[in-house]
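Residue numbers (this note's numbering): 738 to 821.
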């Protein structure tokens, strides 16, 4: 897995509201999405994020991995994260 970083222009609110001032686009993420973005902003690599979420929540590892990869794909598609 490649290291990702959150776009420096992305604004993330406490309630999961995302704003990308470069395009004017807005997005909303759930609690899991906020947590993933927070960990990415902290510089955690993808495996560390998966490990942390698996430790904190009772979740099937296969489901977690699949959902995580799908979420990251969406973040990349909207240019909210970039490969470091």
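C-beta atoms are modelled at their ideal positions from N, C-alpha and C, and glycine is treated no differently.
Same chain, Cβ closer than 6 Å to residue 771, neighbours up to 5 away in sequence not counted: 753
Would residue 765 and residue 746 qualify as a contact pair, given that the criterion is a beta-carbon distance under 7 Å? no
Rounded straight-line distance, which links the Cα of residue 763 to that of residue 786: The straight-line gap from Cα to Cα measures roughly 24 Å.
Compute the Euclidean distance between the alpha carbons of residue 741 and residue 748, then round it to the nearest angstrom. 17 Å
For residue 743, count neighbouring Cβ atoms within 10 angstroms of its own Cβ and tell me buried if that reaches 16, exposed if not. buried
Between residue 794 and residue 788, what straight-line distance do the alpha-carbon atoms span, to the nearest angstrom? 10 Å
Going along the chain, which unbroken runs of the alpha helix (DSSP H) with 4 or more residues stay wholly within the region 775-820? 783-793, 798-814
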